[in-house]
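In short: position in the sequence shown from 1, add 745, done, that's the numbering used here.
Just so it is clear, CB atoms sit at the ideal spot from N, CA and C, and this is done for glycine as well.
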Amino acid sequence: MTTTYHKPFSIASNLINQALAIKPLWKIAKYQARQMMIKRAEKIGVPWRERVEALKLHDWESELLQVQNTQVTYPDYYLTSFHAYDEGDLCWDAALEAEVAAYTVHASIWKGSGAQGDSQLRTSFQDIVKHQIATQPKDILDIGCSIGMSTFALQDLYPQANITGLDLSPYFLAVANYRARNNNRQINWVHADAEATGLPDASVDMVSIFLVCHELPQLATRQIFQEVRRILRPGGYLTIMDMNPKSEIYAKMPPYILTLLKSTEPYMDEYFTLDIEQAIVDAGFNPPTITRNSPRHRTIVAQLGIS
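Next up, the structure:
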């Protein structure tokens, strides 16, 4: 089964792609998207500017040295603008604003949730995972862990497990390591490409990919699934939480909002047209379960066969 856009969304998406191909229009859309985010944050009581300015006072360069793998080669798809940052995820602004951005983006998922929408979203994912995975995983890998928000949530869910957070941005990992140290959390941070983690074969029981796949071209997603299969032990689990392309919210999204969204998410079209269920099966997993966990998100759980 191939996931496709609803027709009105597809038509609007094509028109917006044409507009965003004009660089001055793309820059305007990207700027407007960023300003809208900051204003929304402060409207719901998240002091975006104040928190970020306070973080900037820290000596981040020394933090970077603790986590950066200078041998990492960045794939071409990663060296582009994401989330209104010209350098994408390879800059301090993206890392220092990640937490307030998460609170802001997820504030509108449920009516009246405000800044608590982010934790509500993470809990909805955890509830599904805990219900569907009966055994307690001993070793867990969080792919695309960013500044550690998803990693910390996994540690809260499975406090006895050995947790590893992996990300391609050393800036995100520097912030994650700093946050972990300040909260007395023991987590192993790895600066690596998710398509080639460098982890041993059959070394983890569960892999979590939280809000990452929509930021990937289809080829990278497929390669990551193959890598996950390699590092999972027999009977291990792949869990994914991300945007739900079948949600009516995206089909009914106003064109100007869709324009702002697409200006900051360069691979959204590839994600929305990917048959992710088939891609998981093609990678060697059992057919996954897919559960709607918010009005616009879904949780996917797939087990690797025993034999």
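Can you tell which of P820, T1034, P945 and Q931 has the C-alpha that lies nearest to the C-alpha of T966? Looking up residue 966 in the sequence shown gives position 221. Of P820, T1034, P945 and Q931, the residue nearest in Cα terms is P820.
Per-residue DSSP class, three states only, for V804: Position 59 of the sequence shown, counting from 1, holds the residue named residue 804. The residue you asked about is not Val; residue 804 is Asp in the sequence shown. Three-state DSSP puts D804 in coil, outside helix and strand.
Any contact between the region 935–954 and the region 905–916? By contact I mean 3 or more CB pairs, one from each, below 8 Å. Yes: at least three Cβ pairs fall under 8 Å.
Just mark E795 as buried or exposed, buried being the case when its beta carbon has 16 or more other beta carbons within 10 Å. Looking up residue 795 in the sequence shown gives position 50. Using a 10 angstroms sphere on the CB of E795, the tally of other CB atoms stays under 16, which defines it as exposed.
Cross-strand partners of S953 (DSSP beta bridge): In the sequence shown, residue 953 corresponds to position 208, counting from 1. According to DSSP, S953 shares a beta bridge with D887 and T984.
Less than 8 Å between the beta carbons of I885 and M951, yes or no? Here the question's residue 885 lines up with position 140 in the sequence shown. Here the question's residue 951 lines up with position 206 in the sequence shown. Annotated as proximal: I885 and M951, with beta-carbon spacing under 8 Å.
Proximity to T1009 [Cα-Cα], best of F827, V812 and K801: By 1-based counting over the sequence shown, the position of residue 1009 is 264. Closest option to T1009, Cα to Cα, is F827.
Of the listed residues G790, P1040, Q931 and I1051, nearest to S992 (C-alpha basis): In the sequence shown, the residue the question calls residue 992 occupies position 247. The option with the nearest alpha carbon to S992 is P1040.
How many angstroms separate the CA atom of A843 from the CA atom of E808? For the purposes of this step, residue 843 is taken as the residue at position 98 of the sequence shown. For the purposes of this step, residue 808 is taken as the residue at position 63 of the sequence shown. Distance between the alpha carbons of A843 and E808: 17 Å.
Would L977 and A947 qualify as a contact pair, given that the criterion is a beta-carbon distance under 8 Å? Position 232 of the sequence shown, counted from the first residue, corresponds to residue 977. Position 202 of the sequence shown, counted from the first residue, corresponds to residue 947. Yes, the Cβ-Cβ distance between L977 and A947 is below 8 Å.
DSSP three-state label for P915, please. To locate residue 915, count along the sequence shown from 1; it is residue 170. Note: P915 maps to helix in three-state DSSP.
Can you give me the C-alpha to C-alpha distance between T818 and Q881, rounded to a whole angstrom? Start at 1 with the first residue of the sequence shown, and residue 818 comes out as number 73. Start at 1 with the first residue of the sequence shown, and residue 881 comes out as number 136. Roughly 34 Å separates the two Cα atoms.
Please go through the same chain and pick out, in chain order, the residues whose beta-carbon is closer than 6 Å to the beta-carbon of V845, but skip the five residues on each side of it. One-based indexing of the sequence shown puts residue 845 at position 100. Result list for V845: A786, V791, W793 and R796, in chain order.
Evaluate D901 with the Cβ neighbour count: other Cβ atoms within 10 Å of its Cβ, from every protein chain shown; 16 or more gives buried, anything less gives exposed. For this step, residue 901 is matched to residue 156 along the sequence shown. Flag for D901 reads exposed.
Quick one: Cα of G859 to Cα of T868, how far? One-based indexing of the sequence shown puts residue 859 at position 114. One-based indexing of the sequence shown puts residue 868 at position 123. Spanning the two alpha carbons is a distance of roughly 15 Å.
What span of residues does the alpha helix (DSSP H) with R967 cover, start to end? Counting from 1 along the sequence shown, the entry for residue 967 is found at position 222. For R967, the enclosing alpha helix (DSSP H) stretches over residues Q963 to I976.
What three-state label does DSSP hand T909 in the structure shown? Here residue 909 corresponds to residue number 164 of the sequence shown, with the count starting at 1. Correct three-state label for T909: strand.
Could you have a look at W793 and say whether DSSP puts it in helix, strand or coil? The count along the sequence shown starts at 1 and reaches residue 793 at position 48. Helix at W793.
What's the gap between the Cα of E832 and the Cα of I1051? As a working mapping, residue 832 is identified with position 87 in the sequence shown. As a working mapping, residue 1051 is identified with position 306 in the sequence shown. So the two alpha carbons sit approximately 42 Å from each other.
Which residues does DSSP pair with Y933 in a beta bridge? Along the sequence shown, read from residue 1 onward, the residue named residue 933 stands at position 188. Tyr is not the amino acid found at residue 933; the sequence shown has Asn there. As a beta-bridge residue in DSSP terms, N933 pairs with T909.
Which residue's Cα is closest to the Cα of L866: I1021, T1034, M988 and Y1012? Position 121 of the sequence shown holds residue 866. Comparing Cα positions, the closest option is M988.
Just list the residues that DSSP pairs A1047 with in beta bridges. The residue labelled residue 1047 in the question sits at position 302 within the sequence shown. L983.
Per-residue DSSP class, three states only, for N1038: The residue you call residue 1038 lines up with position 293 of the sequence shown. Note: N1038 maps to strand in three-state DSSP.
Would L1049 and G980 qualify as a contact pair, given that the criterion is a beta-carbon distance under 8 Å? Here the question's residue 1049 lines up with position 304 in the sequence shown. Here the question's residue 980 lines up with position 235 in the sequence shown. Against a cut-off of 8 Å, the Cβ pair of G980 and L1049 comes out as a contact.
Rounded separation between I1035 and Y923 - CA only: The residue you call residue 1035 lines up with position 290 of the sequence shown. The residue you call residue 923 lines up with position 178 of the sequence shown. Their Cα atoms are separated by approximately 34 Å.
Do Q963 and A1028 have their C-beta atoms closer together than 8 Å? By 1-based counting over the sequence shown, the position of residue 963 is 218. By 1-based counting over the sequence shown, the position of residue 1028 is 283. Going by C-beta atoms, Q963 is not nearer than 8 Å to A1028.
Along the chain, where does the alpha helix (DSSP H) containing G862 start, and where does it finish? As a first step, residue 862 is located in the sequence shown; it is residue number 117 there, counting from the start. That run of the alpha helix (DSSP H) goes G862 to Q877.
Distance between beta carbons of T1044 and F897, contact taken as under 8 Å: Within the sequence shown, residue 897 is the residue found at index 152, counting from 1. Within the sequence shown, residue 1044 is the residue found at index 299, counting from 1. About 18 Å separates the Cβ atoms of F897 and T1044, ruling out a contact at the 8 Å cut-off.
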